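Residue numbers (UniProt numbering): 1 to 146.
Below, the structure written as structure tokens:
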């Protein structure tokens, strides 16, 4: 069995309860139809599957979400602004949790309206008609002397 397997809490509590009743590992494995190695693994575990407590509470989660929605601020800046010792990954998870924050790339530029497109093309047409005037400009790196 791979190490990443998460044993269900109900079965863990059954194993612990049967052990408290005085059952042997062999009897428990037969009752639950599990291998003896799994039973030994559960019984030798120091803490019986208690999840880590959350660092942030509901109020701080809301505060983080409010900071993000009201202004453009990075997760690192939020981490520094919060009074808690949390990582930027925790901040990122708290932002995503409610589901209303959507990951999307920002538009590179705003789309031009029809009015702006026509104005730009008109400006380009007006400034293209210089013709030979550009050729009359003299460029030199020498200083003019009077």
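Glycine included, every Cβ here is placed at the ideal spot set by N, Cα and C.
In this text the structure is predicted, and so the values were computed from the model without any measurement.
Unbroken alpha helix (DSSP H) runs of length 4 or more, entirely within the segment 40-86: which are they? Unbroken alpha helix (DSSP H) runs of no fewer than 4 residues, entirely contained in the segment 40-86, are found at 58-70 and 75-81, following chain order.
The segment 72-85 / the segment 28-45 touching (three or more Cβ pairs under 8 Å): Too few Cβ pairs lie closer than 8 Å, so no.
Please report the residue range of the alpha helix (DSSP H) in which residue 90 lies. Per DSSP, residue 90 belongs to the alpha helix (DSSP H) from 88-96.
CA-to-CA distance, residue 119 to residue 127, given in whole angstroms: CA-CA distance, residue 127 to residue 119, rounds to 12 Å.
Considering just the uninterrupted stretch of the alpha helix (DSSP H) at residue 115, what are its terminal residues? Taken as a continuous stretch (DSSP letters only), the alpha helix (DSSP H) holding residue 115 covers 114-128.
I need the DSSP call for residue 21, collapsed to helix, strand or coil. The answer is coil: DSSP assigns residue 21 none of H, G, I, E or B.
In three-state terms, what does DSSP make of residue 33? Residue state for residue 33 is assigned as coil, using DSSP reduced to three classes.
Among residues of its own chain, excluding the 5 on either side of residue 36, which ones have a beta-carbon nearer than 7 Å to its beta-carbon? Within its own chain, the residues whose Cβ lies closer than 7 Å to the Cβ of residue 36, once the five positions on either side in sequence are excluded, are 25, 26 and 29, listed in chain order.
DSSP three-state assignment for residue 110, whether helix, strand or coil: It is coil, neither helix nor strand.
For residue 26, three-class secondary structure by DSSP: Look at residue 26 here: in three-state DSSP terms it is helix.
Tell me whether residue 55 is buried or exposed, calling it buried when 16 or more other Cβ atoms sit within 10 Å of its Cβ. Its Cβ having fewer than 16 others within 10 Å, residue 55 is exposed.
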